[in-house]
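Novice: Have a look at the structure that comes next, please.
Number of protein chains: 2
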Amino acid sequence: MAVQREAALAYARTHQNVFLETLKEFLRFPSVSTLEQHRADMETTARWLADYLRSLGVTRVNIYPTDGHPVVYGELITAGPNAPTLLVYGHYDVQPPDPLDLWESPPFEPTVRGERLYARGAADMKGQIIGVLAAVEALIRTGDLPVNLKFMFEGEEEIGSPHLADFITRHKEMLTCDVSLNADAGIMGAEEPSITYALRGLAYFELHVQGPAQDLHSGVYGGVVHNAAQALAELIATMHDEKGHITVQGFYDQVRPLDEEERQALQRLPLDERFFLERTGAPALWGEPEYTPVERVGARPTLEVNGIIGGFTEPGVKTVIPSQASAKISCRLVPDQDPEAIYECLRRHLETHAPPTIRWELKYIVGAKPALIDRKSRWVQALAQAMQTVWNREPFYKREGGTVPVVAQVKEILGVDSVMAGFILPDADLHAPNENLHLPTWYRGIETYVHYFCNLCT
Amino acid sequence: MAVQREAALAYARTHQNVFLETLKEFLRFPSVSTLEQHRADMETTARWLADYLRSLGVTRVNIYPTDGHPVVYGELITAGPNAPTLLVYGHYDVQPPDPLDLWESPPFEPTVRGERLYARGAADMKGQIIGVLAAVEALIRTGDLPVNLKFMFEGEEEIGSPHLADFITRHKEMLTCDVSLNADAGIMGAEEPSITYALRGLAYFELHVQGPAQDLHSGVYGGVVHNAAQALAELIATMHDEKGHITVQGFYDQVRPLDEEERQALQRLPLDERFFLERTGAPALWGEPEYTPVERVGARPTLEVNGIIGGFTEPGVKTVIPSQASAKISCRLVPDQDPEAIYECLRRHLETHAPPTIRWELKYIVGAKPALIDRKSRWVQALAQAMQTVWNREPFYKREGGTVPVVAQVKEILGVDSVMAGFILPDADLHAPNENLHLPTWYRGIETYVHYFCNLCT
Chain A
1 MAVQREAALA YARTHQNVFL ETLKEFLRFP SVSTLEQHRA DMETTARWLA DYLRSLGVTR
61 VNIYPTDGHP VVYGELITAG PNAPTLLVYG HYDVQPPDPL DLWESPPFEP TVRGERLYAR
121 GAADMKGQII GVLAAVEALI RTGDLPVNLK FMFEGEEEIG SPHLADFITR HKEMLTCDVS
181 LNADAGIMGA EEPSITYALR GLAYFELHVQ GPAQDLHSGV YGGVVHNAAQ ALAELIATMH
241 DEKGHITVQG FYDQVRPLDE EERQALQRLP LDERFFLERT GAPALWGEPE YTPVERVGAR
301 PTLEVNGIIG GFTEPGVKTV IPSQASAKIS CRLVPDQDPE AIYECLRRHL ETHAPPTIRW
361 ELKYIVGAKP ALIDRKSRWV QALAQAMQTV WNREPFYKRE GGTVPVVAQV KEILGVDSVM
421 AGFILPDADL HAPNENLHLP TWYRGIETYV HYFCNLCT
Chain B
1001 MAVQREAALA YARTHQNVFL ETLKEFLRFP SVSTLEQHRA DMETTARWLA DYLRSLGVTR
1061 VNIYPTDGHP VVYGELITAG PNAPTLLVYG HYDVQPPDPL DLWESPPFEP TVRGERLYAR
1121 GAADMKGQII GVLAAVEALI RTGDLPVNLK FMFEGEEEIG SPHLADFITR HKEMLTCDVS
1181 LNADAGIMGA EEPSITYALR GLAYFELHVQ GPAQDLHSGV YGGVVHNAAQ ALAELIATMH
1241 DEKGHITVQG FYDQVRPLDE EERQALQRLP LDERFFLERT GAPALWGEPE YTPVERVGAR
1301 PTLEVNGIIG GFTEPGVKTV IPSQASAKIS CRLVPDQDPE AIYECLRRHL ETHAPPTIRW
1361 ELKYIVGAKP ALIDRKSRWV QALAQAMQTV WNREPFYKRE GGTVPVVAQV KEILGVDSVM
1421 AGFILPDADL HAPNENLHLP TWYRGIETYV HYFCNLCT
């Protein structure tokens, strides 16, 4: 094992440029799952990924259609029945690239500047998928893969994985495994390896407000009807107090309190106010003052306005009273909150606060449960040991603010935990212009996976 | 005079279809002053209007360039020095037609359905311009014009007439007159002639809010930064109380109170709550409860959100914290409010209410002073008498909620009052889809102008 480990690491080091070129090819597909105009690109991307798996010798490769975008599946069951079986999860879809004018190079033309590769999906998470597959390639080209692997790559993570639970349920037997390796996570810094043991859930809504039957002249009718854009703003303003607490009744009822031991552990993370101020460029931080920033992003739920629109929004002047306005509103949830219960809370809040001068509708778009993982299991500890070897320091343990719906789904349907792996850096600008992958960290990540797979069999 | 009056009225009646065809030609130009892509259309429209004036025998016709869209000018000084000289004001620009999908026929393809002509600008105010010119044509084709007329047609009314004051100032001598006839007003109903004696002013702003330096992932940073869309909504919500009063300090300071006599007079107008409910289709009326709806739209100032935008507004799901959001906010003003003083009030309000977690900017876009006109003057009474003749009933006197910046400008620069004429009906859907002109009322309006010009010389 030790001999193969070294051979695989050597392979990984000498093939860094090959892996990079493969990743660039993957990144050129604009696989934006939320935009209808990219439907054909999603198919093309899935086909490319399936072909790439086949080129590695992966068997049973198949593109499974869903009611949305397809799932790419494949297996490498060569390590024998005594070796553990891991279900490697990834997603080949990406966020929309807008606002386009803020990109320094086009989002779908991967460009290396300095130590980083810039492209939509470079970090989240095409780079992470290719990272795992690079380690797999290094191991199988230099000997035998020490573990059994199943690959499940979906195309709908960025829209909340609406069809993945159904796919997992329908292919429960095929997906049987000991643990899931979820490669969609990050580490705290290039020199700060870390393991995520908690994820926030998500509840995504659309709120529509209708005032008058149609847009009206603000001179002729200004003063007698409730402006829909104003009414929507007034409703949104009822959802937080001035300290950043969510004022929707019942919202916090199911939040599991942080115990003192975990607060102490989180306190040790090098993520202070200044860290968040620098990362965000905000003039001042905001949010519940009883919690530290790192607690707020990991262990506290949120309610955000992801988008708002109403009335005349082009350049110039139009003196109109908008009849309609709408907002996309989403909540990040923590254990033990439930997205559908949160929908009910918000609906009741609107029933209480909406005035009779407007009509409104709250639509439930998508939801995902939060997750907490046992950080003392062998699956997590083998990863911690791999990081320790590559970075020569012990990893931090942290809660992640983002949502990976599949983690709750594989727990619920397959009954297995997920190990959160992945090497995204905090300044990767996920979901934003100039998303990027720090290449030295990426190469370390590939070596970490080589160690990880070997560690699991020793 | 009586003989010519009858001949001109007969001409107006037999030429209704000719006037209608001329109007349709005028309406086919998409002269949307606020949209850059229609700049060439504005020029074409001005040339068409100048040519049309020349075809009526109007002299000194000229298209005067401004720093924005041009002014079309011409004169008919044939009635001798003892006859009064009227400056006829109009605007050939129109509002943007969006939302396009709500139009039953295309906005720039004038279409007659039933008694109405549908097109953007049909009522506001290409129809009004052609109405005055039809009466002029009827008089000069059947004898002599009893008054001297100057025509000033601008192309920037719908964006707040930013260059008209400069034009009037630079051509003060050319524009000398006894009174201005402003044809941009309406009447209360097809069977309810009315004369507007007050207009609201306007102050138009843009409020920009910046939170974090760029859009952020709501999972990674949700809970530590102030969402720009939420912050903007919260600021907007501070501007009214729940009864519809504007809570910007000092906002009402310069409002001239309504005296009891005027309140009584306004009370007699047939514009009750039900009227406004039916016209607007709102589920309930809104606004300062101490004032009647007719007082609120005529004699009380407003603060409206004309448009709001921020974050992800396309279909689908994006879990982003918007870094920027902005709103177009405008106030309708009443005597003696001043747009620049109102800007200061709102700026101070934001200084007081904006939290340190965001940056903001309030831009002053355009402003216009409110106006009050002496309803007992000969200029207004000659119009009242013309309406009495055509409708066989006394007109109502009312305040208008809209803004006609030129009224304050001609008062200030030329020292003359404006008579508000024009025959727009309340259900003309100004600034909205399916804007329309009620043709029977339009024909009555043409006859009213014939009587009006004759009345001024008897």
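Heads up: the protein sequence lines correspond to chains A and B, in order.
First residue of the first sequence? That's 1 in our numbering, and the numbers climb one at a time after it.
First residue of the second sequence? That's 1001 in our numbering, and the numbers climb one at a time after it.
Ideal Cβ placement from N, Cα and C applies to all residues, glycine included.
Hey, out of A:D215, A:G211, A:A229 and A:T280, whose CA is closest to H1217 (chain B)'s CA?
Specialist: Within the second sequence, residue 1217 (chain B) is the residue found at index 217, counting from 1. Ranking the options by Cα distance to H1217 (chain B), first place goes to A:T280.
Novice: CB G1155 (chain B) to CB Y1092 (chain B), shorter than 7 Å?
Specialist: Residue numbering aside, residue 1155 (chain B) sits at position 155 when the second sequence is read from its first letter. Residue numbering aside, residue 1092 (chain B) sits at position 92 when the second sequence is read from its first letter. Cβ atoms of G1155 (chain B) and Y1092 (chain B): closer than 7 Å.
Novice: Take the Cβ of Y1249 (chain B) as the centre, count every other Cβ of all protein chains shown within 10 Å, and call the residue buried at 16 or more, exposed below.
Specialist: Position 249 of the second sequence, counting from 1, holds the residue named residue 1249 (chain B). As written in the sequence, residue 1249 (chain B) is Gln, which differs from the Tyr given in the question. With fewer than 16 other Cβ atoms within 10 Å, it is exposed.
Novice: Which residue or residues does DSSP assign as beta-bridge partners of M420 (chain A)?
Specialist: The residue given as residue 420 (chain A) occupies position 420 in the first sequence. M420 (chain A) is bridged to A:N182 and A:T196.
Novice: Sorry if obvious, but does the Cβ on D184 (chain A) come closer than 6 Å to a heavy atom of the ligand FMN?
Specialist: In terms of ligand content, the structure shown is empty, and the ligand FMN therefore cannot be addressed.
Novice: Using a Cβ-Cβ cutoff of 8 Å, what residues of the stretch 1177-1211 of chain B are near chain A? List them in chain order.
Specialist: Answer in chain order: R1200, L1202, Y1204 and G1211.
Novice: I'd like the span of the beta strand (DSSP E) that includes Y73 (chain A), first residue to last.
Specialist: Locating residue 73 (chain A) in the first sequence gives position 73, where the first residue counts as 1. Element bounds for Y73 (chain A): V71 to L76.
Novice: Using DSSP with H/G/I as helix, E/B as strand and the rest coil, what is Y1252 (chain B)?
Specialist: Against the second sequence, residue 1252 (chain B) aligns to sequence position 252. Three-state result, Y1252 (chain B): coil.
Novice: Does the beta carbon of N1227 (chain B) come closer than 7 Å to any beta carbon on chain A?
Specialist: Here the question's residue 1227 (chain B) lines up with position 227 in the second sequence. At least one chain A Cβ lies under 7 Å of N1227 (chain B).
Novice: Name the chain A residues that come within less than 7 Å of S1330 (chain B), Cβ to Cβ?
Specialist: Within the second sequence, residue 1330 (chain B) is the residue found at index 330, counting from 1. In chain order: S218 and T319.
Novice: Measure the Cβ-Cβ separation of P433 (chain A) and L102 (chain A) and say whether it is below 7 Å.
Specialist: The residue labelled residue 433 (chain A) in the question sits at position 433 within the first sequence. The residue labelled residue 102 (chain A) in the question sits at position 102 within the first sequence. Cβ atoms of P433 (chain A) and L102 (chain A): closer than 7 Å.
Novice: Give the DSSP-derived three-state secondary structure of A1083 (chain B) in the structure shown.
Specialist: Position 83 of the second sequence, counting from 1, holds the residue named residue 1083 (chain B). The answer is coil: DSSP assigns A1083 (chain B) none of H, G, I, E or B.
Novice: Can you pull the DSSP bridge partners for A1213 (chain B)?
Specialist: For the purposes of this step, residue 1213 (chain B) is taken as residue 213 along the second sequence, with counting starting at 1. For A1213 (chain B), which the question treats as bridged, DSSP gives no partner whatsoever.
Novice: Whether or not the stretch 107-126 of chain A and the stretch 323-337 of chain A are in contact is what I'm after, with contact meaning three or more pairs of Cβ atoms, one per stretch, closer than 8 Å; do they touch?
Specialist: Contact between the stretch 323-337 of chain A and the stretch 107-126 of chain A is absent, because fewer than three Cβ pairs lie under 8 Å.
Novice: Within 10 angstroms of its Cβ, does D1051 (chain B) collect 16 or more other Cβ (buried), or is it exposed?
Specialist: Here residue 1051 (chain B) refers to the residue found at position 51 when the second sequence is read from its first residue. By the 10 Å Cβ count, D1051 (chain B) comes out exposed.
Novice: With 16 other CB atoms within 10 Å as the buried threshold, where does V1337 (chain B) fall?
Specialist: Numbered from 1 along the second sequence, position 337 holds the residue referred to as residue 1337 (chain B). The sequence given here places Gln at residue 1337 (chain B); Val does not occur at that position. With 16 or more other Cβ atoms within 10 Å, it is buried.
Novice: For K1126 (chain B), does the three-state DSSP call read helix, strand or coil?
Specialist: Residue 1126 (chain B) sits at position 126 when you count from the first residue of the second sequence. In the structure shown, K1126 (chain B) sits in a helix (DSSP, three-state: H, G or I).
Novice: Does the count of Cβ pairs from the stretch 32-43 of chain A and the stretch 1303-1317 of chain B closer than 8 Å reach three?
Specialist: Because the criterion of three Cβ pairs below 8 Å is met, the stretch 32-43 of chain A and the stretch 1303-1317 of chain B touch.
Novice: Rank B:P1289, B:R1296 and B:D1429 by C-alpha distance to the C-alpha of D1098 (chain B) and give the top, closest one.
Specialist: As a position in the second sequence, residue 1098 (chain B) is number 98, starting the count at 1. Checking every option, the nearest Cα to that of D1098 (chain B) belongs to B:D1429.
Novice: Is the stretch 1216-1232 of chain B touching the stretch 1373-1381 of chain B in the sense that three or more CB pairs, one from each, lie closer than 8 Å?
Specialist: Touching, no.
Novice: Consider the Cβ of V71 (chain A): report whether some Cβ of chain B lies at a distance smaller than 7 Å.
Specialist: Indexing the first sequence from 1 puts residue 71 (chain A) at position 71. Not one chain B Cβ lies under 7 Å of V71 (chain A).
Novice: How big is the Cα-Cα spacing for G244 (chain A) and V1419 (chain B)?
Specialist: The residue labelled residue 244 (chain A) in the question sits at position 244 within the first sequence. The residue labelled residue 1419 (chain B) in the question sits at position 419 within the second sequence. If I take the Cα positions, the gap works out to 54 Å.
Novice: Any C-beta of chain B within less than 7 Å: which residues of the stretch 266-288 of chain A qualify?
Specialist: Residues F276, T280, G281, A282, P283, A284, L285, W286 and G287.
Novice: Below 7 Å between beta carbons: does that hold for P1084 (chain B) and L1456 (chain B)?
Specialist: On the second sequence, position 84 is the one that residue 1084 (chain B) refers to. On the second sequence, position 456 is the one that residue 1456 (chain B) refers to. It is a contact, given that the beta carbons lie within the stated cut-off.
Novice: Is there a Cβ from chain B that is less than 7 Å from the Cβ of R347 (chain A)?
Specialist: Residue 347 (chain A) sits at position 347 when you count from the first residue of the first sequence. With 7 Å as the cut-off, R347 (chain A) does not count as an interface residue toward chain B.
Novice: Could you tell me whether the stretch 1402-1416 of chain B touches the stretch 1207-1215 of chain B, where touching means 3 or more Cβ pairs closer than 8 Å?
Specialist: The answer is no - the stretch 1207-1215 of chain B does not touch the stretch 1402-1416 of chain B, with fewer than three Cβ pairs under 8 Å.
Novice: Quick check: the Cα distance between Y1089 (chain B) and N1182 (chain B), rounded to an integer number of angstroms?
Specialist: Here residue 1089 (chain B) is taken as the residue at index 89 of the second sequence, counted from 1. Here residue 1182 (chain B) is taken as the residue at index 182 of the second sequence, counted from 1. C-alpha separation (whole angstroms): 5 Å.
Novice: By how many angstroms is the C-alpha of I1358 (chain B) removed from the C-alpha of T1352 (chain B)?
Specialist: Sequence index remark: in the second sequence, residue 1352 (chain B) carries index 352 (1-based). Sequence index remark: in the second sequence, residue 1358 (chain B) carries index 358 (1-based). Roughly 13 Å between the two C-alpha positions.
Novice: Taking the straight line between their C-alpha atoms, what separation do you get for A1231 (chain B) and A1421 (chain B)?
Specialist: Reading the second sequence from its first residue, position 231 is the one you call residue 1231 (chain B). Reading the second sequence from its first residue, position 421 is the one you call residue 1421 (chain B). Whole-angstrom Cα-Cα distance: 44 Å.
Novice: So, helix, strand or coil for S218 (chain A), using DSSP?
Specialist: Mapped onto the first sequence, residue 218 (chain A) falls at position 218. If DSSP states are grouped into helix, strand and coil, S218 (chain A) belongs with the helices.
Novice: Can you give me, in chain order, the residues of the stretch 1230-1255 of chain B that have a beta carbon less than 9 Å from any beta carbon in chain A?
Specialist: For the stretch 1230-1255 of chain B, which is checked against every Cβ of chain A, the residues closer than 9 Å are Q1230, A1231, L1232, A1233, E1234, L1235, I1236, A1237, T1238, M1239, H1240, E1242 and G1244.
Novice: Using the C-alpha atoms, what's the distance from H349 (chain A) back to G1401 (chain B)?
Specialist: Counting from one through the second sequence, the residue named residue 1401 (chain B) turns up at place 401. Counting from one through the first sequence, the residue named residue 349 (chain A) turns up at place 349. Cα to Cα, G1401 (chain B) sits roughly 35 Å from H349 (chain A).
Novice: What are the boundary residues of the alpha helix (DSSP H) that includes S1055 (chain B)?
Specialist: Taking the first residue of the second sequence as position 1, residue 1055 (chain B) is located at position 55. Residues R1039 to S1055.
Novice: I'd like to confirm the pairing. Which residues does DSSP put opposite K1150 (chain B) in its beta bridges?
Specialist: Taking the first residue of the second sequence as position 1, residue 1150 (chain B) is located at position 150. Its beta-bridge partners are B:E1075 and B:L1087.
Novice: Relative to the C-alpha of Y1397 (chain B), which residue among B:M1152, B:N1017, B:V1018 and B:R1268 is closest?
Specialist: Taking the first residue of the second sequence as 1, we reach residue 1397 (chain B) at position 397. Nearest option by C-alpha distance: B:R1268.
Novice: For a quick check, are the C-beta atoms of F312 (chain A) and V320 (chain A) less than 7 Å apart?
Specialist: The count along the first sequence starts at 1 and reaches residue 312 (chain A) at position 312. The count along the first sequence starts at 1 and reaches residue 320 (chain A) at position 320. Yes.
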